[in-house]
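Written below as structure tokens is the structure these notes are about.
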Amino acid sequence: MNITKICCIGAGYVGGPTMAVIAKQCPDIQVTVVDLNESRINKWNDPNVENIPVYEPGLSGIVAEARGRNLFFTTEVDRAIKEADMIFISVNTPTKTYGAGKGQAADLKWIELCARQIARVSTSDKIVVEKSTLPVRTASTLKDILKHTGNNVKFQILSNPEFLAEGTAVDDLLTPDRVLIGGDQDAEGKQAIEALVNIYARWVPKERILTTNVWSSELSKLTANAFLAQRVSSINALSELCEFTEANIGEVARAIGTDSRIGPKFLKASVGFGGSCFQKDILNLVYIARSYGLNEVADYWEQVIIMNDHQKRRFANKIIKTLYNTVNGKKIAFLGWAFKKDTNDTRESAAIYVADHLLYEQAKIAVYDPKVSADQMYADLDYLNTRTVEENQLLVDVVQDPYEACQDAHAVAILTEWDEFKDYDWQKIYDAMLKPAHIFDGRNILDKGQLERIGFKVSAIGS
Ligand SMILES: NC(=O)C1=CN([C@@H]2O[C@H](COP(=O)(O)OP(=O)(O)OC[C@H]3O[C@@H](n4cnc5c(N)ncnc54)[C@H](O)[C@@H]3O)[C@@H](O)[C@H]2O)C=CC1
Ligand SMILES: O=C(O)[C@H]1O[C@H](OP(=O)(O)OP(=O)(O)OC[C@H]2O[C@@H](n3ccc(=O)[nH]c3=O)[C@H](O)[C@@H]2O)[C@H](O)[C@@H](O)[C@@H]1O
22 MNITKICCIG
32 AGYVGGPTMA
42 VIAKQCPDIQ
52 VTVVDLNESR
62 INKWNDPNVE
72 NIPVYEPGLS
82 GIVAEARGRN
92 LFFTTEVDRA
102 IKEADMIFIS
112 VNTPTKTYGA
122 GKGQAADLKW
132 IELCARQIAR
142 VSTSDKIVVE
152 KSTLPVRTAS
162 TLKDILKHTG
172 NNVKFQILSN
182 PEFLAEGTAV
192 DDLLTPDRVL
202 IGGDQDAEGK
212 QAIEALVNIY
222 ARWVPKERIL
232 TTNVWSSELS
242 KLTANAFLAQ
252 RVSSINALSE
262 LCEFTEANIG
272 EVARAIGTDS
282 RIGPKFLKAS
292 VGFGGSCFQK
302 DILNLVYIAR
312 SYGLNEVADY
322 WEQVIIMNDH
332 QKRRFANKII
342 KTLYNTVNGK
352 KIAFLGWAFK
362 KDTNDTRESA
372 AIYVADHLLY
382 EQAKIAVYDP
392 KVSADQMYAD
402 LDYLNTRTVE
412 ENQLLVDVVQ
422 DPYEACQDAH
432 AVAILTEWDE
442 FKDYDWQKIY
452 DAMLKPAHIF
462 DGRNILDKGQ
472 LERIGFKVSA
482 IGS
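Take a look at the structure:
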């Protein structure tokens, strides 16, 4: 089956970059990304390509190359669905905030709406690709909805989960460790799998394109995120033990990471993992396991989240305890707000949790993160929800200069792992702060000895 027109529903952090890369690598395929959110689509179409709504190194160049040639962004969802041979569903699948499964299950409302819309408007056979992260067996729901269109259109459902990480999305898409495609194992299912394999094979070596049955593919995505997050929680758990024993978590990570069976990646102790997916996907895994009565499996994975919450809470509590058990009226500078470097995404960022905790203790916050807008920060914080804009500005001062953030602060909290910290003039920061000047290094990246020589009191995760 030769694919000439692709539609992607959802122009978010995944839909935008993945489709931009497919369009770049396959100039003969027309790729149309659709979204209900008009302002998001307008930003993707902004004449100044630097204003696209997702910041990712290298992305604007790719969009500039393909946009208007074979890459289009539009709110005309029906038309794009109708014309496409292949439809990617890349909509959000957040944790449910109501009803059964509240706080754990994935909310599949948007997925189901997409399926119903595809069923309603399609007049020709199509391959529907699950790009969103979904609970295992979601394909059976999609199949059921699409089967009942009543207009004799045939659909094949594939699972093609996305493994890109934010901040490295373009590299991850251009040179992925693997591409995973799951589908039905009958002749028609295999044909559909082949059609998608042929698209990726334009730039991904064939041996890196794995094909499986649809359920293995769906479950592998949740499993990959669970394993990655588990590594962070494992190292974070030991970081606390390090703080009581004079062991150093960086040294421990290096010592164990050189064992080729363990490997060096994803062993950086931190103030806790953030991002839109680790927590939601593990909660979803926990929910699925419990729904099959597998309580030991559920408890095992839930511990990863419990540990992460503990790590965030203990970081905030350490700040309070060190500042003589009160932060009331004290200014604390936050360097970094996004959940990791090289992204403007703040979803589930540990910074939000720590800041809220301190605000409830009546602290004042000054934040420096040039990629994140003040409005976004105000919207993130629970403590500010019921206050006026003027009150928010008094409690949370968003500044465009790291030195200004630290002026008259009692403490600096490092929340995001920026490389440029090494180039900061820490003597200048020390001079501007109230004494004793504290640094809480939530990423364990600063040179503790050097800072202590300046006069700082340094508290780094795991040392
Ligand atoms: N953010 C990430 O780094 C990764 C996310 N994922 C998964 O990919 C999926 C999408 O995630 P993001 O792109 O981060 O979400 P997002 O929230 O950035 O984007 C989703 C978009 O879908 C749109 N949408 C929702 N329902 C729609 C409908 N019926 N018709 C048209 N548009 C609709 C929304 O308006 C929104 O713009 C999720 O399942 C997530 O778990 C997977 C790998 C990486
Ligand atoms: O499904 C998803 O959304 C994606 O989730 C993660 O990607 P992402 O959340 O963008 O970023 P990561 O690099 O995984 O970092 C997640 C969090 O863990 C933290 N982290 C990561 C690594 C580490 O060693 N220590 C650590 O604290 C990061 O700072 C960040 O807060 C996965 O890495 C992707 O493969 C996956 O596609």
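For what it's worth, my numbering labels the leading residue of the sequence shown as 22, then goes sequentially.
Here a beta-carbon is modelled for each residue, glycine too, at the ideal position from N, C-alpha and C.
- For glutamine 397, the enclosing alpha helix (DSSP H) starts and ends at 395-401.
- Contact between phenylalanine 461 and alanine 434 holds: their C-beta atoms lie close to 5 Å from each other, under 8 Å.
- With a cut-off of 8 Å on Cβ pairs, the segment 350-366 is not in contact with the segment 314-322, counting fewer than three such pairs.
- In this structure, DSSP gives tyrosine 308 a helical state, which the three-state scheme calls helix.
- Look at asparagine 91: its beta carbon is at least 7 Å from all of the heavy atoms in ligand 2.
- Around the beta carbon of alanine 121, fewer than 16 other beta carbons sit within 10 angstroms, so the residue counts as exposed.
- Placement of the Cβ of tyrosine 34 at a distance of less than 7 Å from at least one heavy atom of ligand 1 is found.
- Separation of the CB atoms of phenylalanine 109 and valine 157 is rounded to 19 Å, and the pair is thereby denied contact status at 8 Å.
- Between methionine 398 and valine 410, the beta carbon gap of about 12 Å keeps them out of contact (Cβ cut-off 8 Å).
- Rounded to the nearest whole angstrom, the CA to CA distance from proline 78 to glutamate 438 is 16 Å.
- Taking the Cα positions, aspartate 440 is about 23 Å away from alanine 337.
- Only residues of its own chain outside the window of five on either side were considered, and among them Asp462, Asn465, Lys469 have a CB closer than 6 Å to the CB of alanine 481, listed in chain order.
- About 5 Å separates the beta carbon of alanine 41 from that of isoleucine 83, a gap short enough to meet the 8 Å contact definition.
- Within the same chain, Pro38, Glu77 come within 6 Å of alanine 190 by CB-CB distance, once the 5 residues on both sides are set aside.
- Separation of tyrosine 445 and alanine 44 (C-alpha to C-alpha, rounded to the nearest whole angstrom) is 40 Å.
- The C-beta separation of alanine 126 from lysine 117 comes to about 5 Å, placing the pair in contact by the 8 Å criterion.
- Taking C-beta separations shorter than 7 Å and ignoring five residues to either side along the sequence, the partners of leucine 472 in its chain run Trp447, Ile460, Val479, following chain order.
- Taking a contact to require three or more Cβ pairs closer than 8 Å, the segment 246-259 and the segment 277-289 qualify as touching.
- Only buried fits threonine 53, as 16 or more other CB atoms lie within 10 angstroms of its CB.
- Here glutamine 383 really is in contact with valine 348; their C-beta atoms are around 7 Å apart, less than 8 Å.
- Nearest Cα to serine 260 within the set Thr233, Lys333, Val218: Lys333.
- Assigned with DSSP and collapsed to three states, phenylalanine 248 falls in helix.
- By the neighbour-count criterion, in which a residue is buried when 16 or more other Cβ atoms sit within 10 angstroms of its Cβ, alanine 426 is buried.
- Distance from the Cα of glycine 350 is smallest, within the candidate group Ile373, Gly271, Gly284, Val417, for Val417.
- Within the same chain, Cβ atoms closer than 7 Å to the Cβ of asparagine 365 are found at Tyr76, Ala359, Lys392, Val393, the five residues on either side in sequence being excluded.
- Looking only at Glu412, Asp330, Ala208, Pro115, the smallest Cα-Cα distance to alanine 372 is reached by Asp330.
- By the C-beta density criterion, serine 238 is buried, having at least 16 other C-beta atoms within 10 angstroms.
- Contact annotation, leucine 402 with phenylalanine 442: C-beta distance approximately 24 Å; criterion of less than 8 Å not satisfied.
- Here the alpha carbon of arginine 100 sits roughly 21 Å from the alpha carbon of proline 48.
- In this structure, glutamate 412 has its beta carbon at no less than 7 Å from each heavy atom of ligand 1.
- Scanning its chain for C-beta atoms nearer than 7 Å, with the 5 sequence neighbours on each side dropped, one finds around proline 74 the residues Arg61, Lys64, Trp65, in chain order.
- At the C-beta level, leucine 185 and leucine 194 come within 8 Å of one another.
- Rounded to whole angstroms, the gap between the alpha carbons of serine 281 and aspartate 198 is 17 Å.
- Counting only runs of 3 or more residues that sit fully inside the segment 322-374, the beta strand (DSSP E) segments are 352-356, in chain order.
- Under DSSP, glycine 204 takes part in a beta bridge, and its partners are Asn234.
- With contacts defined by Cβ atoms closer than 8 Å, valine 98 and isoleucine 166 do not form a contacting pair.
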